[in-house]
Structures are given as C-alpha cells and as structure tokens.
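With the first letter of the sequence shown counted as 1, position 369 gets the number 369 in the UniProt record's numbering; the numbers rise by one all the way through. Read the structure below first, then the notes.
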Amino acid sequence: MVAVPGSRGCHISPPCSVPDDASAVLDQSYLSFAIEGRDFIDYSGSDAAPNEYSVNMLSVFSQKTGAPTYLRVGGTTQDHFRYDPNQTEAVRFENPELPTFLNLFANITVGSSWLEGFRQFPGVVWDQQIFLARKNLSNAVEFARDCVEAIGIENLHSIEIGNEPDIYNSSGFFTNETDRPSSYSPADYVAEFTEFATAIEGNVTLGAGPNFQALGFSNFVNDVWSEEAVFEAGLSPDIVKSISEHLDGRDLGETLMSHAQVVNVTDGRFKDRIAYMKSTYPEIPFLIAEAASALGNGTGIRDFDLTSSLGTALWTVDWLLYTATIGVTRVNMQLGTRFPFSPWFPVETTINNMSLPAQTLGSFYGNVFVADFIGSDGSLQIVELPTDDDRVSAYAGYNSEKLTKVALVNLELWRESYGTPRPNVTVTLENLEGWVRAAQVQKLTGPEGGSQAENITWAGTQWTAESKGLPVVVADDTAMVEVESGSFEVTIQASEALLVSFIPDNYLDVEKSRVKAPVPA
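This is the structure we're talking about:
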C-alpha cells in the first residue's frame with residue numbers, strides 16, 4: 001500500500017460475539033420510506049402509466065433485506081389536503097404560483113385517481129396519513145375509507161392522523177395564520193386525534209386493532225410536546241399501533257459530516273423519549289416516520305448542490321446505523337419531487353426556477369449500503385464500535401449473535417476542487433480470534449468526493465433514471481482480503497464508506513487465493 005499525504009491509522013477490535021450493549025434484534029423492514037403526499041403520484045405513476053423507474057428503485061430494498069418495505073404517504077402537504085372523489089385530476093394545485101416552500105401549505109385537492117398510486121408498488125406495506133390540520137372530519141373519513149379500499153386491509157399497517165401537530169400553533173395554510181391558536185396543547189391534540197380515530201373506526205372497515213399511528217412530531221419543539229405529555233393527556237394506548245417522530249437534519253459540511261453531531265442530535269431528541277416508551281408502553285413501537293439529512297424544500301440552488309451529494313449518502317449510513325443502536329423500530333426516509341435530499345427524483349422537476357431531470361441522488365446510495373448491511377439473514381443486532389480517529393465511525397453487525405460484518409464511514413469532507421490529494425485512513429481490524437478466513441470489502445464512493453452528486457457508486461454499481469432504476473455495474477472495486485492471525489488492514493478514503501463482510505474459516509478454499517493485500521485506496 002502506498003501512503004499518501006494525510007494518511008492516518010486507526011485500530012478497531014470488534015467483539016466476535018454479540019456484546020451486552022448491542023441493539024435488540026433489528027426489524028428486517030427497519031429501512032423504509034415516506035413520500036410527500038403532494039408528490040405521491042409522481043413517484044407511483046398511474047394505472048395507465050406506472051412509473052417504472054420508481055417501482056424498480058423501491059424494489060431494491062426488499063430484494064436485499066428479504067422483507068417488505070413500509071411506505072408512509074403523508075407530510076405537511078397531505079395534512080392540508082381536500083379530497084374530491086369526483087375530480088378528474090389526481091392532484092390539483094389551487095395556487096401553483098406559490099414558491100416551493102409555501103407549496104407545503106398549498107391549497108391542494110386530490111381526486112380518486114390519486115388512489116391509483118397504491119396499486120403501483122407490489123409487496124409494500126402502507127402507513128396512510130389522514131389530514132388533521134385542515135380539520136374537516138367528514139372529508140377525512142371519506143378519504144380514509146377510499147384509501148383503505150385502494151390499499152387493501154391486508155396491506156395496511158396503520159392510519160396516521162395528522163402530521164407534526166406540535167407546530168400547528170406556529171405554522172399554517174393561510175398567510176399570517178396558524179393551523180391552530182397559540183394555546184393549542186397536547187390535550188387539544190389528544191381530543192382531536194380521538195375524535196378522528198373514533199369516526200374512522202365507525203365508518204371504515206379496518207382489521208383488528210389497534211390501527212392508528214400517533215404523534216408524528218417534528219424535531220423542533222421540545223417543551224410541552226412529548227410522548228409522556230400526550231399519554232398523560234389521555235391518549236388511549238389501546239388504539240395506538242405505533243408512535244412516530246420526525247428528523248430533519250443539517251446542511252452538508254462541518255455539521256452534517258460529523259459523527260459527534262449525529263450522536264448529539266439523535267440522542268438529544270430521541271433517547272429519553274424511547275426510554276419512556278420502553279418503560280411505560282413497551283408494546284408500542286417507536287418509529288421515525290419521516291427522516292432527511294436537511295431541511296430542504298428546493299428554495300435555493302445551493303441547497304440542491306449540497307443535499308443531493310455523496311456527503312448526504314455518508315450521513316445516511318452513519319445516522320441510520322447509529323439510530324438502530326438506540327431502539328428505533330423503523331425509519332422512513334423521505335421522498336419528494338422537490339426535496340434535494342430525496343433519494344431520487346421520479347420525474348422532471350423544477351427547483352428555484354432550475355429544471356432538473358428525473359435522476360438518482362446521493363442519499364439513495366447510503367440507503368442501499370444500509371440495506372446490504374441489514375441483509376436477508378435476519379436476527380441482526382448492531383453495536384457502535386469505538387475508534388481512535390474522530391473522523392471515522394464504525395458499526396459491527398451480528399447475525400444470530402455472531403460477528404458477520406463491520407461498516408466503516410469516513411466523514412472527513414474532501415472535494416476534488418480542493419486541489420489536494422485525497423486523504424485516507426488505514427484501518428486495522430484486529431483480535432478476530434483466527435475464526436475469520438477472509439473478508440469481502442465493498443465501497444460507497446465517488447471520484448469527486450463529499451460534495452458531488454454524480455458518479456457515486458455502491459459496490460461498483462449505479463442505479464439511474466436511464467437504466468429505469470435497474471442496477472448497472474460500472475466499476476470493479478469490490479475486493480476479497482485474506483485474514484491472517486486474526487487481523488487485517490483496509491484503506492478508506494476521505495468521504496467514503498466500506499462494508500466489510502467476514503468469511504468464516506470453513507468457507508470455500510478458493511477464497512484464500514483471491515487477494516492477499518490491503519484494499520487499495
């Protein structure tokens with residue numbers, strides 16, 4: 001291995017058997033997705049014209065994990081919907097001239113053809129949000145009834161009532177007005193939630209309960225809005241199938257590409273809330289039903305350049321794996337036609353007067369990395385590993401309590417435009433007790449570094465709009481490394497991630513002759 005300027009060393013010793021501080025066994029559907037209601041039909045297409053690109057892209061994840069993908073349809077736009085089953089258009093924007101951010105509160109009416117989207121993604125399990133912010137009970141019940149009929153009870157996980165009610169008293173549909181008065185409280189929310197749930201149960205054919213997903217809080221209000229406050233205000237656990245929160249992250253750079261920031265933001269928002277639910281209502285799963293690397297609504301081209309990048313892919317890997325270690329049951333990564341952090345744009349879109357084609361964006365590759373880390377073997381537990389380099393984070397995966405893989409993420413931001421050699425870290429994985437014979441090493445990388453959105457590859461593969469979301473191998477950068485005396489080295493560049501999958505000692509003899517040198521940079 002040839003050293004380059006800026007190269008460093010790092011030693012990691014993963015326990016060979018699952019340690020006491022590992023996560024619970026991970027739900028195979030842990031990595032799932034959410035679609036902004038306004039953009040649902042863009043992603044799905046219709047009965048007459050399914051969006052083949054999106055259907056193929058979403059199917060990647062269930063193929064890798066062997067489990068269904070959960071898809072939440074909702075968000076701020078859907079919380080302000082009107083539903084008109086007689087409308088011919090799937091989506092009608094009453095004020096299409098509004099800037100993109102304001103379109104989150106746009107006057108949108110959807111028709112019955114919007115429901116065709118549910119038929120385009122086979123094998124998906126659905127969380128369907130019903131509008132609460134607009135507070136039109138009879139229309140919400142009608143919408144719920146037709147959604148459930150289109151989805152099929154056997155494919156429905158939950159009905160979610162409302163979206164981010166903790167900010168109803170600070171934001172809203174009408175200019176200079178909020179969805180609720182400033183006095184709106186958890187008790188008011190519980191009363192409305194219960195009223196809507198009761199009406200839906202009385203007028204919509206549902207399966208055996210509980211049937212409802214509750215809360216859906218933003219991550220920007222920390223005072224009176226909490227799980228404890230809502231249940232103490234009278235929310236009945238008997239009707240709650242799951243509770244959810246949301247996470248909108250930070251911009252690319254020192255705040256996003258920082259493992260310390262990942263830990264601080266995630267722990268600070270969720271750890272106490274998860275602990276409360278586990279101690280008080282352990283049977284109710286804790287979900288992060290809407291997650292993204294940044295608050296990006298396409299209001300600035302700079303946002304698009306940054307939040308569609310390889311850096312966001314790396315954040316996605318680090319954040320999803322860390323979040324799995326603290327007790328989150330499932331995460332829905334956010335999709336939206338106008339969101340630059342979205343894993344892909346399903347159709348041509350416009351962001352800040354800039355026309356953009358359908359395309360795959362950076363965060364998709366982070367999601368695919370995590371899907372391969374989860375794999376299809378099942379019984380996966382995850383633990384964060386200590387490292388002696390603050391720019392490198394590491395996670396070990398255990399299937400049936402035995403070490404099977406390690407993920408390495410180098411969050412040092414490097415751009416080709418810096419005009420300097422790309423730094424790297426030599427990571428020594430050691431104390432493997434001689435039971436590992438070889439390791440397969442796969443890369444999440446891009447030639448231009450952390451701020452580029454094009455030419456990203458995972459395991460030498462790309463998924464593009466041009467290939468209609470089918471995998472295309474463009475590089476041969478997966479390596480097999482021999483392990484001698486229980487240790488070996490891999491090289492990880494700045495703005496790169498590796499998945500190291502261990503081959504046990506009783507594996508095929510042919511593996512020994514494959515590669516006997518560290519993985520090249």
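Think of the CB as a built atom: it goes at the ideal place given N, C-alpha and C, for glycine as much as any other residue.
- Nearest Cα to LEU310 within the set SER376, PRO237, GLU448, VAL392: GLU448.
- Residue range 52 to 65 is occupied by the alpha helix (DSSP H) that includes ASN56.
- Closest option to ILE12, judged by alpha-carbon separation, among VAL425, ALA34, ASN399: VAL425.
- With 16 or more other Cβ atoms inside 10 Å of its own Cβ, PRO14 counts as buried.
- TYR398 sits in a strand when the DSSP states are folded into three classes.
- In the three-state scheme derived from DSSP, where H, G and I count as helix and E and B as strand, GLY362 is classed as helix.
- The Cβ-Cβ distance between VAL406 and VAL500 falls below 7 Å.
- Per the C-alpha coordinates, the member of ASN332, ARG338, PHE212, ASP179 positioned closest to ASN353 is ARG338.
- Our two residues, LEU71 and ILE153, have alpha carbons roughly 15 Å apart in a direct line.
- Exposure of GLY268 is indicated by the presence of fewer than 16 other C-beta atoms within 10 angstroms of its C-beta.
- When DSSP reads this structure, SER242 sits in a beta bridge with GLN213.
- Using a Cβ distance threshold of 7 Å, GLY216 and ASN169 do not count as a contacting pair.
- When DSSP states are grouped into helix, strand and coil, LYS271 belongs to the helix group.
- For ASP21, the number of other beta carbons within 10 angstroms of its own is below 16, and it is reported as exposed.
- Taking a cut-off of 8 Å on C-beta distances, the region 416 to 425 does not touch the region 329 to 338, as fewer than three cross pairs fall below it.
- Short of 7 Å from the beta carbon of SER158, and not among the five residues preceding or following it, lie these beta carbons of its own chain, in chain order: ASP127, ASN211, PHE212, GLN213, LYS241, SER242.
- Going by C-alpha positions, GLN493 is about 10 Å away from LYS443.
- Rounded to whole angstroms, the gap between the alpha carbons of GLU348 and LEU356 is 6 Å.
- In this structure, LEU411 sits away from MET277, with a CB-CB distance that is not shorter than 7 Å.
- Of the candidates ALA90, PHE131, ALA140, the residue whose Cα lies closest to the Cα of PHE118 is ALA90.
- Distance check between GLY469 and each of SER495, THR461, ASP476 places THR461 closest, using alpha-carbon atoms only.
- When secondary structure is reduced to three states using DSSP, MET333 falls in the strand class.
- One thing to note: THR360 has its Cβ within 7 Å of the Cβ of TRP463.
- Across the structure, GLU245 and PRO85 are spaced so that their CA atoms are roughly 30 Å apart.
- Checking the DSSP bridge columns, you'll see PHE93 partnered with ILE108.
- ILE161 is positioned such that its CB atom lies closer than 7 Å to that of PHE193.
- For the pair ASN431 and PRO421, the Cα-to-Cα distance works out to about 32 Å.
- For VAL55, the closest C-alpha among the options ALA438, GLN87, PHE345, GLU416 is that of PHE345.
- Between ARG273 and GLU201, the C-beta gap is not smaller than 7 Å, which leaves the two residues out of contact.
- Boundaries of the alpha helix (DSSP H) harbouring CYS147: 137 to 151, taken from the DSSP string.
- Take the alpha-carbon of GLY123 and the one of TYR418: they are about 45 Å apart.
- Rounded to the nearest angstrom, the Cβ distance from ASN367 to LEU31 is 6 Å, consistent with a contact under 8 Å.
- By alpha-carbon distance to VAL60, the top candidate from ASP372, ASN155, PHE196 is ASP372.
- By the neighbour-count criterion, in which 16 or more other beta carbons inside 10 Å mark a residue as buried, ALA24 falls on the exposed side.
- The shortest C-alpha to C-alpha distance from GLU36 to any of ASP146, GLU94, PHE341 is the one to PHE341.
- Sixteen is the threshold: since fewer than 16 other Cβ atoms of the shown chains lie within 10 Å of the Cβ of VAL224, the residue is exposed.
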